[in-house]
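Each residue of the sequence shown is one higher than the last, beginning at 0 in numbering that gives the first Met the number 0.
For glycine and all other residues, C-beta sits at the position ideal for the given N, C-alpha and C.
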Amino acid sequence: MAPNALIALRNMEKSYAHGTSRTYVLRRISLDIKDGEFVSIM
Numbered sequence: 000m001a002p003n004a005l006i007a008l009r010n011m012e013k014s015y016a017h018g019t020s021r022t023y024v025l026r027r028i029s030l031d032i033k034d035g036e037f038v039s040i041m
């Protein structure tokens, strides 16, 4: 984590199940948002 991070995400994952298989749309994503930064996530 960055020393001045207001928000820290580590190893985030998002997946969708399709029967017995899984589709990952995010895999092991890390993010630091620091004081004063503007971030838009879509």
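{"Check": "Residue closest to Asn3, alpha-carbon to alpha-carbon, out of Ser20, Ser39, Asp34, His17", "Outcome": "Asp34"}
{"Check": "Val24 (DSSP reduced to helix, strand or coil)", "Outcome": "strand"}
{"Check": "Rounded C-alpha distance that separates Glu12 from Ser39", "Outcome": "18 angstroms"}
{"Check": "The ligand ATP heavy atom lying under 6 angstroms from the CB of Ser29", "Outcome": "As far as ligands go, the structure on display features none, and thus does not contain the ligand ATP."}
{"Check": "Contact set for Arg21: own chain, Cβ-Cβ below 6 angstroms, skip 5 residues either direction", "Outcome": "Ser14"}
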